[in-house]
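Sequence positions in the sequence shown follow this note's numbering and run -14 to 530.
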Amino acid sequence: MKDEQAAFDAIIIGAGFAGVYMLYRLRDMGYNVRVYEAADGVGGTWYWNRYPGARCDAESLAYSFSFDEELEQEWEWTERYATQPEILDYAEHVADRYDLRPHMLFERRVTAAHYDEAANLWRIQTDEGDTAHAPILISAIGCLSVPALPDIPGLDDFQGERYQASQWPHHRVLYEDKHVGVIGTGSSAIQSIPVIAETAQQLTVFQRTPNFSVPAANGPLDADWVRAYKKNYRAHRENYKWGLTNSFGDLTIDVRHSEPVAEFGRDINDEDLEVALEESWKKGGASFMSTVMDSMANQETNDRFAAFIHCKIHEAVDDPVTAAALCPTSHPVGSRRICVDIDYYKTYNRDNVSLVNLLETPIERITETGIQLSDRHVELDMLVLATGFDAMTGAFNKIDIRGRGNKALKDKWADGPKTYLGLMMVDFPNLFTITGPGSPSVLSNMLISIEQHVDMIADCLTHAKEQGAQVIEPTQLSEDYWMQHAQQMASQTLFPKGSSWYLGANIKGKPQVFMPYTGGVGGYREICDKIIAQDWRGFSFTAHA
Ligand code: NA7
């Protein structure tokens, strides 16, 4: 089936969690919707990222939809942090449970989306030749969906097996009897290295920048605990929506999360901090950073967190040279996304695992049989690239998006993304960007941010209808204000010091602007709610002439 000049009320690009929920909402509102998806199934990130050990770093009961109480009660998660196959099953279950697939076209990559001002329509094209139009266009294209290949000479010369973590094949990959090389030590590598090490004959990790990682303390979920949690699901959801990790009142306290023991690092002495961090370390998970509230705002507090993790690395890793190489010193803890691991550091104690510190012996080139370092050649049978993504704007730039007056989005964003609330843009009317740059997105539990944006878009469309408006667009003033506010918020934190993909620093030539909103999901939601209460302040709703 192919769409030819097909007319819809709304077009959604992407069938990950954002696309799935947006479709669900719009269909319920009576919209005729088409979803185009590049993959041959739903799931987005969880469709593509099938690398060994892939799992979510947010807890399963929180990293799930909250829009239907029956769904959240009936779905059984098995572990504290769900694996990729389990999350993909869940995405498929949701698509089937609500009969969403008939509205989706798979294996279609949207290549162009042009706004036809005279008709007030977005006209799209796909790589399979589909053409369609709708007054509303919604991007649900994901924040981490365009893989970044390393700029290393000879990459294509390698004759062994080569895999990209974020585009892992669907067939089983076997490591037995193989010398495997992994390039990268971000979250994907840190999750996959312990799993590959279990069966590989030899595993060599090529590390340029070490990352901070905290233990997941993963395990099977206890049935009684889940029952108690599910009894209070509404309250837990409410807390998560506002960025609170704990529960309140007479609810079961989610004891696994780290509660802040102090607002400021200066209020807690070294001994007490050590005890508190130890406690958080045992509980596991990224909420470790919440042990003291100014950990991402105050360099001194952050340094104390870093020193604690350095000690943990030295405790876990037998070889002191390897341990030292694994200790990050170039960036504050958390300024690059903190990793959540299962036995990552201990993996370096295995006889079949070794670390190459690229800061001392850089890669010169990739050869037919391995990697040529400045001082030696490492022979490899398999090369795994866990080298990250062109985050947040990469997927937009892959589509020829043109707004009013044929203005290209690429040009608008030439110096960094510009949006109002990460949701809409001047000159691109009726184009909504779910978890777009300028919203908390990747600094939050994505499901929470997705649900908020989708609900807001649905409300916005209802409001427009009530106003008799067909053209929705933010004002220039509001977009300028939001960008200024977002940058100002980021500058009050240590995030910009990370030289990270949050900033676009991992992609050559990309403008370095801190892209996600650092005000937290609670602060952001409060602002959005106020804007809505003030009659959608900053948005203009006009009738199409
Ligand atoms: P990341 O976190 O961007 O990690 C990419 C890794 O690849 C990182 O260690 C990079 O080192 C390394 N890299 C990239 N290019 C090179 C070259 N040329 N040589 C050596 N090493 C290189 O991506 P992930 O997929 O692990 O995680 C992304 C997010 O996905 C994660 O935060 C979760 O939210 C899920 P560098 O730091 O650039 O020195």
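Note that the Cβ used here is the ideal one computed from N, Cα and C, for glycine as well.
- Cα atoms of residue 438 and residue 130: separation of roughly 19 Å, rounded to the nearest angstrom.
- Contact between residue 205 and residue 326 is absent: CB atoms are separated by about 18 Å, not below the 8 Å threshold.
- In chain order, 148, 167 place their CB closer than 6 Å to the CB of residue 369, counting only its own chain and leaving out the 5 sequence neighbours on each side.
- Within the model, the alpha-carbon separation for residue 32 versus residue 449 is close to 34 Å.
- Cβ atoms of residue 457 and residue 524 come within 8 Å of each other, at about 6 Å.
- It is roughly 27 Å from the alpha-carbon of residue 134 to the alpha-carbon of residue 309.
- Between the segment 379 to 387 and the segment 180 to 189 there are fewer than three C-beta pairs closer than 8 Å, too few to call the two in contact.
- For residue 276, the number of other beta carbons within 10 angstroms of its own is at least 16, and it is reported as buried.
- 8 Å or more divides the Cβ of residue 260 from the Cβ of residue 291.
- Residue 2 places its beta carbon less than 8 Å from that of residue 435.
- Taken from the Cβ of residue 350, every heavy atom of the ligand NA7 lies 7 Å or farther away.
- Counting only the Cα atoms, residue 420 lies some 8 Å from residue 128.
- Rounded to the nearest angstrom, the gap between the Cα atoms of residue 16 and residue 6 is 14 Å.
- Relative to the ligand NA7, the nearest heavy atom lies less than 7 Å away from the CB of residue 170.
- In this structure, the ligand NA7 has no non-hydrogen atom nearer than 7 Å to the beta-carbon of residue 138.
- Apart from the 5 residues on each side of it in sequence, residue 43 sits with its Cβ closer than 7 Å to the Cβ of 430 in its chain, given in chain order.
- Taking C-alpha positions only, residue 229 is separated from residue 61 by approximately 24 Å.
- Linking residue 182 to residue 102 through their CA atoms gives a straight-line distance of about 56 Å.
- Comparing alpha carbon positions, the residue from 386, 394, 363, 461 closest to residue 411 is 461.
- Shown here, residue 497 sits in coil according to DSSP, grouped into three states, outside any helix or strand.
- Annotation for residue 8 indicates a beta carbon at 7 Å or more from all heavy atoms of the ligand NA7.
- Residue pairing by DSSP places residue 524 opposite 459 in a beta bridge.
- In this structure residue 365 touches residue 164 by the C-beta definition: roughly 5 Å separates them, less than 8 Å.
- Counting other Cβ atoms within 10 Å of its Cβ, residue -14 stays below 16 and is therefore classed as exposed.
- The continuous stretches of alpha helix (DSSP H) do not include residue 529, and DSSP gives it neither H nor E.
- Our two residues, residue 447 and residue 416, have alpha carbons roughly 15 Å apart in a direct line.
- Ranked by Cα distance from residue 459, the first of 422, 477, 414, 268 is 414.
- Between the ligand NA7 and residue 429, a heavy atom-to-CB distance of less than 7 Å is absent.
- Of the candidates 500, 121, 487, 30, the residue whose Cα lies closest to the Cα of residue 321 is 487.
- Residue nearest to residue 474 within the set 493, 453, 498, 454 is 498 (criterion: CA-CA distance).
- The Cβ-Cβ distance between residue 464 and residue 502 does not fall below 8 Å.
- The continuous stretches of alpha helix (DSSP H) do not include residue 411, and DSSP gives it neither H nor E.
- Considered as a whole, the segment 181 to 229 harbours 208 to 216, 218 to 226 as its complete alpha helix (DSSP H) runs of no fewer than 4 residues, in chain order.
- C-alpha of residue 375 to C-alpha of residue 469: approximately 23 Å in a straight line.
- Taken through DSSP and simplified to helix, strand or coil, residue 508 comes out as helix.
- Residue 90 and residue 19 do touch by the CB rule: their CB atoms are close to 7 Å apart, below 8 Å.
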